[in-house]
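In terms of our numbering, the sequence shown opens at residue 2 and continues consecutively. Cβ atoms here follow ideal geometry from the backbone N, Cα and C, with glycine treated the same way. Because the structure is a prediction, the values reported are computed rather than measured. Only one structure is covered here, and it is reproduced in the block below.
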Amino acid sequence: MSSATILPPQRVTIVGVLNATPDSFSDGGRFLEGASGPDVAAALEAARRMVADGAHWIDVGGESTRPGAEPVSAEEEIRRTCPIVKALAKELDVPISIDTRKAAVADAALEAGATIVNDVSGLADDEVGACAARHEAGLVIGHLRGEPSTMQEQVSFVKVVHEVGAELRSSADRALELGVAPERIAIDPGIGFGKELEHNLALLARAGELRESVGFPVLIGASRKSFLGRLTGDAVEDRDGASHAACAVAVFAGADGVRVHDVAGARRAVQVAEALRKAQRDAP
2 MSSATILPPQ RVTIVGVLNA TPDSFSDGGR FLEGASGPDV AAALEAARRM VADGAHWIDV
62 GGESTRPGAE PVSAEEEIRR TCPIVKALAK ELDVPISIDT RKAAVADAAL EAGATIVNDV
122 SGLADDEVGA CAARHEAGLV IGHLRGEPST MQEQVSFVKV VHEVGAELRS SADRALELGV
182 APERIAIDPG IGFGKELEHN LALLARAGEL RESVGFPVLI GASRKSFLGR LTGDAVEDRD
242 GASHAACAVA VFAGADGVRV HDVAGARRAV QVAEALRKAQ RDAP
């Protein structure tokens with residue numbers, strides 16, 4: 002795998018979300034057929050549209066990590082995701098990532114053709130990092146305290162950017178010790194994962210500071226999340242405008258990539274933010 006698949010500096014990377022779950026907060030159930038397995042054809046068509054709209058890679062997930070979500074078995078995650086990963090890797094000329102906290106799922110998806118592991122747990126299981134290292138895969142390390150089912154019950158930060166950065170640095174150091182090459186690592190501050198509204202806003206607005214302090218490129222995943230609904234009053238299905246605004250702010254602040262549901266709208270927001278960032282840098 003080339004280092005260019007992990008948030009290369011010459012562009013802002015747009016990651017398209019494809020959830021093969023019955024209960025994800027935004028698109029749960031969209032690509033599941035039931036006991037027969039995932040709807041691979043529908044998933045492939047959706048991924049094609051995202052790539053045509055500007056996605057640089059597709060992130061496939063088989064377990065909802067929304068607040069209060071219950072875990073599923075590795076076997077079920079594999080059943081939901083690997084047929085889709087295999088089809089996408091065969092048909093599309095972009096990297097495919099697997100969104101999982103489980104080493105068995107990561108291993109199966111990498112065997113099926115994925116080249117990046119997106120672990121929202123921050124390497125709660127070191128075997129996920131070891132698996133990425135064995136496959137010479139990319140690794141996105143997310144920030145999460147605890148489990149998705151309980152992460153919003155006791156949220157406590159004093160200096161959120163500093164604390165999240167320190168914890169991500171610790172996770173990244175473990176990944177390096179496990180053999181993941183530094184150019185294959187990116188970090189995700191875990192917007193909406195065990196954070197209150199003010200924490201999410203601070204992490205978005207100071208994305209560049211987080212990158213500088215931790216030393217790895219930053220991927221932001223704010224798309225359609227509940228904190229945006231708290232700000233605007235919009236239901237999940239009406240949050241794309243707010244999601245695009247969050248993308249633009251994060252990119253202007255220094256984020257290296259965004260993980261989104263509406264790729265076409267996010268691409269436009271990123272273009273504006275990149276132009277503004279350049280204007281700020283080049284201003285006399």
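- Ala-105 is not a Cβ neighbour of Ala-56, given a cutoff of 8 angstroms.
- By the neighbour-count definition (other C-beta atoms within 10 Å, threshold 16), Val-159 is an exposed residue.
- For the set Ala-182, Arg-185 and Arg-207, the Cα lying nearest the Cα of Ile-192 is the one of Arg-207.
- Each residue's CA atom was taken as its position, placing Ala-167 and Ala-173 some 10 angstroms apart.
- Around the beta-carbon of Leu-204, 16 or more other beta-carbon atoms lie within 10 Å, marking it buried.
- Here DSSP, grouped into helix, strand and coil, assigns Thr-14 to strand.
- In this structure, the straight-line span from the alpha carbon of Met-51 to that of Val-264 is close to 6 angstroms.
- DSSP places Val-41 within a helical segment (H, G or I) once states are collapsed to three.
- Ile-7 carries a coil assignment under DSSP once its states are collapsed to helix, strand and coil.
- Per DSSP, the continuous beta strand (DSSP E) segment holding Gly-258 begins and ends at 258-261.
- Glu-77 places its beta carbon 8 angstroms or farther from that of Thr-101.
- Taking a C-beta distance under 8 angstroms as the contact criterion, Gly-195 and Val-156 qualify as a contact pair.
- When secondary structure is reduced to three states using DSSP, Ala-115 falls in the coil class, being assigned neither helix nor strand.
- Nearest Cα to Leu-232 within the set Leu-198, Pro-218 and Val-250: Leu-198.
- Shortest Cα-Cα distance from Leu-19 to any of Pro-10, Arg-12 and Glu-46 involves Glu-46.
- According to the DSSP assignment, Leu-229 belongs to the alpha helix (DSSP H) that extends over 227-233.
- Boundaries of the beta strand (DSSP E) around Leu-140: 139-143.
- Taking Val-250 as the centre and dropping the five residues before and after it, the same chain places the C-beta of Leu-205, Ala-206 and Ala-274 closer than 8 angstroms to its C-beta, in chain order.
- If you check the CB distance, Ala-247 and Ala-276 do not come in under 8 angstroms.
- Rounded to whole angstroms, the gap between the alpha carbons of Ala-21 and Gly-242 is 24 angstroms.
- The beta carbon of Val-13 is closer than 8 angstroms to those of Val-252, Ala-256, Asp-257, Gly-258, Val-259, Val-271, Ala-274 and Glu-275 in its chain, skipping five residues each way along the sequence.
- Per DSSP, reduced to three states, the secondary structure at Leu-19 is strand.
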